[in-house]
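In my numbering, the protein residues as written are 13 to 183.
Take a look at the structure below.
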């Protein structure tokens, strides 16, 4: 639950960061938290987080409703599959994986727009900034994975502390 709320706040903060910095330098925080959720949560929880992050991203960005959610679900499935074969808890493998996944995300967005809106031309001027954003996703992926891991471990520690039972004097 804490990861979901943090992810939703980050999706909202992404819009504010895009107003302050060039959009090409702001990472896709929804994608990064969906990857972190896929690595830290169970399959059902990761899918719920992915759908909610994607829908909130669609609502805030004005994209087709469900477009980002659809891609996030596919990306969670890819992350869980690759994560079962490669240790994505380490920084470099995670950064390389997020680089490839971000490229998939950008191509998926373009293809979904073409599918639903018909003849959408490829904007060649947007390729450079999109490549910069893909790179910023890869650079920030280990940081956000560590943040999500720390949040998840902090919640687990608090839950363990609350479950202490006092058995002295109980008969």
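Ideal Cβ placement from N, Cα and C applies to all residues, glycine included.
Beta-carbon separation (whole angstroms), residue i vs residue j, contact threshold 8 Å
| i | j | result |
| --- | --- | --- |
| residue 149 | residue 114 | 4 Å |
| residue 72 | residue 38 | At roughly 13 Å, the Cβ-Cβ gap does not stay under 8 Å, so residue 72 and residue 38 are not in contact. |
| residue 110 | residue 47 | 6 Å |
Where residue i falls, given that 16 or more other Cβ within 10 Å makes a residue buried
| i | result |
| --- | --- |
| residue 107 | buried |
| residue 154 | buried |
| residue 137 | exposed |
| residue 146 | buried |
| residue 51 | buried |
DSSP three-state assignment for residue i, whether helix, strand or coil
| i | result |
| --- | --- |
| residue 79 | helix |
| residue 97 | coil |
| residue 84 | helix |
| residue 33 | coil |
| residue 130 | coil |
| residue 66 | helix |
| residue 199 | The question about residue 199 has no answer here: the residues shown for the chain are numbered 13 through 183. |
Touching by the beta-carbon criterion (3+ pairs, under 8 Å), the stretch 83-95 and the stretch 56-64: yes
Given 8 Å, three or more beta-carbon pairs between the stretch 73-81 and the stretch 47-58: no
Uninterrupted beta strand (DSSP E) stretches inside the stretch 35-62 (no shorter than 3 residues): none
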